[in-house]
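Chemist: Sharing a structure, written as structure tokens. Questions coming.
Numbering (the working numbering), first residue to last: 3 to 302.
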């Protein structure tokens with residue numbers, strides 16, 4: 003198994019909204035809501051479409067929300083055999099013009115992570131460290147995976163945790179994803195210990211500006227693919243993560259990973275929900291013509 007995705011698989015309910023929201027108001031949306039698996043489901047589906055074998059570990063209830071998530075992941079070929087029965091994480095996504103807000107709840111907790119010995123790498127996000135997330139207890143199992151020599155990927159979002167837990171998560175991580183706000187928030191939380199970020203390979207997601215690879219004092223930027231009519235950016239960062247990890251585990255250089263991840267994230271902007279995750283063929287079609295090595299590796 004190439005990649006184990008830990009927690010943060012939620013059901014998103016997208017609702018049109020006008021900001022700022024007014025208290026005690028009644029708003030009838032002028033378009034229907036969209037219901038879709040979200041969070042780390044984007045990561046898992048993207049990595050699977052780019053050729054990785056992927057397993058998800060999370061807790062789900064015996065309800066229609068969980069059924070939508072699990073049916074989608076199974077159709078994509080993601081391994082969900084080891085999920086825990088508890089309750090399902092849900093999120094209402096309020097979509098306004100060029101901005102959005104999340105209102106969500108965490109589902110039931112995981113007591114432990116099984117089957118880490120059979121995987122090459124592990125992915126988790128900052129949501130796992132959130133003070134209200136019952137799954138925080140499994141961080142010790144990610145530490146164990148690190149000690150077993152697995153590659154550990156960590157997305158800082160949303161950086162709502164204590165310094166000690168953030169330090170612990172960073173200490174076991176080989177590659178860190180973040181946007182600029184998350185990166186600066188992490189530095190603020192870490193304080194005098196923020197030098198740990200300089201010892202990591204940090205992939206900064208810069209939105210329409212593309213991304214940057216930060217290693218110590220060295221920063222290399224990569225421009226984004228232009229999207230003429232973006233529809234929704236929710237999930238684009240997760241698609242970026244999934245694409246970057248897939249390329250990294252297939253042996254591409256970090257520069258090549260950045261180019262592919264930028265392309266995948268940009269294509270995701272053209273739709274709403276998990277159905278807008280681009281297939282491998284669409285990503286390959288939009289890659290620059292001068293990186294034949296990338297095409298060859300991703301086609302296998």
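Beta carbons: idealized from backbone N, C-alpha and C, even for Gly.
Hey, would you say the C-beta of residue 213 is under 7 Å away from at least one heavy atom of the ligand GDP?
Modeler: Only the bare structure without any ligand can be found here, which leaves the ligand GDP out of the picture.
Chemist: Let me know the secondary structure DSSP gives residue 221 once reduced to three states.
Modeler: DSSP places residue 221 in strand when its eight states are reduced to three.
Chemist: Just grab the DSSP bridge partners of residue 359 for me.
Modeler: With the chain running from 3 to 302 in the structure shown, residue 359 is simply not present.
Chemist: Ignoring anything shorter than 3 residues, give me the beta strand (DSSP E) runs that lie fully in the segment 37 to 81, in order along the chain.
Modeler: Runs found: 56 to 59.
Chemist: Can you grab the Cα-Cα spacing for the pair residue 96 / residue 233, in whole Å?
Modeler: The straight-line gap from Cα to Cα measures roughly 14 Å.
Chemist: Just tell me which of 262, 279 and 299 has its CA closest to the CA of residue 290.
Modeler: It is 262.
Chemist: Just to check my reading of the structure: residue 267 and residue 242 have Cβ atoms closer than 8 Å, yes? What is that Cβ distance to the nearest angstrom?
Modeler: 4 Å between Cβ atoms; contact.
Chemist: DSSP on residue 2, reduced to helix/strand/coil?
Modeler: The structure shown has nothing for residue 2, since the chain only spans 3 to 302.
Chemist: Between which two residues does the alpha helix (DSSP H) holding residue 170 run?
Modeler: Run containing residue 170: 165 to 173, per the alpha helix (DSSP H) assignment.
Chemist: Would you decide whether residue 258 is buried or exposed? Buried here means 16 or more other CB atoms lie within 10 Å of its CB.
Modeler: It counts as buried.
Chemist: Taking residue 102 as the reference, which of 224, 22 and 162 has the closest Cα?
Modeler: Of the listed residues, the one whose Cα sits closest to residue 102 is 22.
Chemist: Among 12, 24 and 182, which residue has its Cα nearest to the Cα of residue 210?
Modeler: Checked all of 12, 24 and 182; the closest Cα to residue 210 is 182.
Chemist: Quick one: is residue 238 buried, meaning 16 or more other Cβ sit within 10 Å of its Cβ, or exposed?
Modeler: Classification for residue 238: buried.
Chemist: May I ask you to report which of helix, strand or coil DSSP gives residue 87?
Modeler: Strand.
Chemist: Could you tell me whether the segment 127 to 145 touches the segment 70 to 77, using the rule of 3 or more Cβ pairs below 8 Å?
Modeler: Flag = no, the segment 127 to 145 and the segment 70 to 77 do not touch.
Chemist: If contact is defined by three or more beta carbon pairs under 8 Å, each pair taking one atom from either stretch, is the segment 44 to 56 in contact with the segment 162 to 172?
Modeler: No, the segment 162 to 172 is not in contact with the segment 44 to 56.
Chemist: Looking at the secondary structure, which residues open and close the beta strand (DSSP E) in which residue 157 lies?
Modeler: Residues 153 to 157.
Chemist: Give the straight-line distance between the Cα atoms of residue 271 and residue 278, rounded to the nearest whole angstrom.
Modeler: Approximately 8 Å between the Cα atoms of the pair.
Chemist: Which value, in whole angstroms, describes the spacing of the CA atoms of residue 174 and residue 54?
Modeler: So the alpha carbons of these two residues sit roughly 22 Å apart.
Chemist: In terms of residue numbering, what span does the alpha helix (DSSP H) encompassing residue 250 cover?
Modeler: Start and end: 238 to 251.
Chemist: Along the chain, where does the beta strand (DSSP E) containing residue 107 start, and where does it finish?
Modeler: Counting along the chain, the beta strand (DSSP E) containing residue 107 begins and ends at 101 to 107.
Chemist: Look up residue 33 in the DSSP assignment and say whether it is helix, strand or coil.
Modeler: The answer is coil: DSSP assigns residue 33 none of H, G, I, E or B.
Chemist: Return the Cβ separation of residue 126 and residue 90 in integer angstroms, given the expectation that the two are a contact with Cβ distance under 8 Å.
Modeler: Contact flag wrong, Cβ pair sits at about 18 Å.
Chemist: Might you give, ordered along the chain, the residues of its own chain that have their beta carbon closer than 6 Å to the beta carbon of residue 157, omitting 5 neighbours on each side?
Modeler: Cβ neighbours of residue 157 beyond the five flanking positions: 127, 179 and 243.
Chemist: When the distance is taken between beta carbons, is residue 169 closer than 8 Å to residue 321?
Modeler: No answer is possible for residue 321: the residues shown for the chain start at 3 and end at 302.
Chemist: With a threshold of 6 Å on Cβ separation, who are the neighbours of residue 121 within its own chain once the five nearest residues in sequence on each side are excluded?
Modeler: Taken in chain order, the residues that qualify are 3 and 6.
Chemist: Using three-state DSSP, classify residue 213 as helix, strand or coil.
Modeler: Correct three-state label for residue 213: strand.
Chemist: Can you tell me the Cβ-Cβ gap for residue 177 and residue 92, rounded? I've got them flagged as a contact below 8 Å.
Modeler: Rounded, the Cβ-Cβ distance is 29 Å, inconsistent with contact.
Chemist: Inspect the beta-carbon positions of residue 265 and residue 285 and report whether they are closer than 8 Å.
Modeler: In contact: residue 265 and residue 285 (Cβ atoms closer than 8 Å).
Chemist: Taking the alpha-carbon of residue 216 as reference, which of 138, 201 and 105 has the nearest alpha-carbon?
Modeler: Checked all of 138, 201 and 105; the closest Cα to residue 216 is 201.
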